[in-house]
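All remarks here apply to the structure that follows.
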Amino acid sequence: MNRTVSLVALALAAALPQLAAAQAAATPGDPNRGAQKIQMCQGCHGIVGWRTAFPEVYRVPKLSGQNPAYLVAALKEYKSGDRSHPSMRAIAGSLTDQDMADLAAYYAQTPLTTANR
Ligand code: HEC
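Next comes the structure, spelled out in structure tokens:
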């Protein structure tokens with residue numbers, strides 16, 4: 009009896025780390041790949057204090073240094089329509105899950121810059 013219980017415990021202990029790793033790796037982002045995809049973002053997000061003029065004058069949020077999970081969640085919300093900004097919806101709609109993960113990984117590792125730079 010005791011032996012069976014400890015065998016089950018052993019099997020569970022062996023399986024758990026793999027489960028956790030599989031989840032974390034759902035869509036792993038690669039910052040180097042992300043760096044090759046930012047051309048279409050930097051025009052708006054790369055300039056400190058930049059504002060877009062469409063559909064109205066908009067402050068463009070900074071992406072650098074943000075939590076990658078937050079960035080991916082935001083992009084998915086634009087793609088699904090839960091967030092409604094028209095330019096971001098069009099852009100996010102063209103991104104795959106892999107693109108989003110790569111872009112988020114890139115922006116997350118970019119240090120926050122101040123307006124003085
Ligand atoms: C035409 C200008 C423009 C381009 C190009 C653009 N964005 Fe945006 N982005 C915006 C604006 C404006 C907002 C704020 C919209 C809002 O209020 O929902 C925004 C919001 C975001 C947000 C949410 C940020 C937050 O703090 O909630 C993310 C993430 C984002 N953009 C990622 C990207 C990525 C990645 C790309 C390139 C694939 C990109 N954007 C290209 C203008 C742009």
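Residue numbers for the sequence shown follow our numbering, so the first one is 9 and each next one is one higher. The C-beta atom is built at its ideal place from N, Cα and C for all residues, glycine as well.
For the alpha helix (DSSP H) that residue i lies in, which residues bound it at each end?
| i | result |
| --- | --- |
| residue 110 | 105–117 |
| residue 80 | 76–88 |
| residue 93 | Here residue 93 belongs to no alpha helix (DSSP H), and DSSP marks it neither H nor E. |
| residue 42 | 39–43 |
| residue 54 | Counting along the chain, residue 54 falls outside any alpha helix (DSSP H), and DSSP gives it neither H nor E. |
Between the options, which has its C-alpha nearest residue i's C-alpha?
| i | options | result |
| --- | --- | --- |
| residue 74 | 53, 91, 86 | 53 |
| residue 98 | 109, 84, 110, 111 | 84 |
| residue 67 | 81, 80, 93, 79 | 93 |
Kindly say whether residue i, judged by its beta-carbon, lies nearer than 8 Å to any beta-carbon of chain D.
| i | result |
| --- | --- |
| residue 115 | Although the question refers to chain D, the structure presented lacks it and comprises just one protein chain. |
Taking only the alpha-carbon atoms, compute the straight-line gap between residue i and residue j and give it to the nearest angstrom.
| i | j | result |
| --- | --- | --- |
| residue 38 | residue 103 | 15 Å |
| residue 114 | residue 105 | 14 Å |
| residue 69 | residue 95 | 13 Å |
| residue 116 | residue 109 | 10 Å |
| residue 107 | residue 50 | 15 Å |
| message | Is it the case that the segment 31–50 contacts the segment 85–98, given that we only count it when at least three CB pairs across the two stretches are under 8 Å? | response | Verdict: no, contact absent.
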